[in-house]
Amino acid sequence: KEKAEITKEQQAFMKVIVDSYNRHQIPQDVTKKLLQEQYSAEENFILLTEMATSQVQVLVEFTKNIPGFLSLDHEDQIALLKGSAVEAMFLRSAQVLSTKMPNGHTEVLEERIRNSGISEEFMTPMFNFYKSIGKLHMVQEEQALLTAVTILTPDRPFVKDHPAVERLQEPMLEVLRKLCALHHPREPQYFARLLGRLTELRTLNHYHTEMLTSWRMNDQKFTPLLCEIWDVQ
Ligand SMILES: Cc1cc(OCc2c(-c3c(Cl)cncc3Cl)noc2C(C)C)ccc1-c1ccc2c(C(=O)O)cn(C)c2c1
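Quick note on numbering: the sequence shown equals residues 154 to 386 in the working numbering.
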């Protein structure tokens, strides 16, 4: 019985992560532009770049609040952020696109992504991922914990102290497993399906690298923060 119950300290641990996840949203003025700016591949790319830059800032703040993250080796902190940024952002954009945003933002956002210079071959896997996340109907706690689990993935490039990262990721996986059992009692495989999405996310990493290359071929400009986190330019 006690295996399934979420303990008091796990509740507290989860609350820190979920509160931080909810606190860190893209500012309204950035999302408002979604409806205002005119439609052109150029304008859409600029808007998406602005949202990505804002999302990276949000991501860094969220990551700093993950219990234990700031006590990791500093170079490993950077390696984890750089290694997980794209995946965490795909997770977030999938959650945003699969839950109806207010006043038609979702359609507008999807339209702008579809017309931003991303070639068709990447569009399909990207929107398939969005659909597969939507079908999971994750509750907020699951979204927050899945994002934290993605960030604290030990086998990112250049991470030196794997065990230290595993020690942080394991308790989060344990809480996530219990949450899944709690919120999806009739789907015993739900937790496994959730982790399966993390595998799909890794493939999106590779597509994203190609997306960046093709944007750069068309001489598209990124912001300094994106150049730093994605090692471009
Ligand atoms: C929706 C999107 C896209 C985005 O990146 C846009 C990009 C991507 C790319 C692509 Cl297209 C899809 N998924 C992940 C990547 Cl990272 N790759 O390069 C770029 C730029 C540099 C062109 C970054 C961020 C958001 C985003 C995230 C959260 C919210 C949000 C909320 O939290 O309430 C409200 N809105 C409107 C959001 C928008």
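Cβ atoms here follow ideal geometry from the backbone N, Cα and C, with glycine treated the same way.
Check: Is SER237 near ligand 1, going by C-beta to nearest heavy atom under 7 Å?
Finding: no
Next item on the list: Grab me the residues of PHE375's own chain with a C-beta within less than 7 Å of its C-beta, minus the 5 sequence neighbours each way, in chain order.
Entry: THR202, VAL385, GLN386
Item checked: Three-way DSSP call (helix, strand, coil) for SER272 in this model -> The DSSP-derived three-state label of SER272 is coil.
Notebook entry, point to check: From THR352 to PRO324, what does the alpha carbon distance come to, in whole angstroms?
Noted result: 20 Å
Margin query: Between TYR360, GLU214, PRO316, GLN181, which has its C-alpha nearest GLU240's C-alpha?
Written below: TYR360
Check: In or out: ALA238 buried (at least 16 other Cβ within 10 Å) or exposed?
Finding: buried
Notebook entry, point to check: At a cut-off of 7 Å, is ALA194 close to ligand 1 when judged by its beta-carbon and the heavy atoms of the ligand?
Noted result: no
Notebook entry, point to check: Do three or more CB pairs link the region 327-344 to the region 272-287 at distances below 8 Å?
Noted result: As far as the Cβ criterion goes, the region 327-344 does not touch the region 272-287, which means the pair count is below three.
Next item on the list: Give a yes or no on whether the C-beta atoms belonging to ALA232 and PHE282 are separated by under 8 Å.
Entry: Between ALA232 and PHE282, the C-beta spacing is not below 8 Å.
Notebook entry, point to check: Within this structure, are the beta carbons of ILE179 and VAL209 separated by less than 8 Å?
Noted result: no
Checklist line | Every unbroken alpha helix (DSSP H) within the region 278-355, with a cutoff of 4 residues, ordered by chain | finding: 293-304, 315-336
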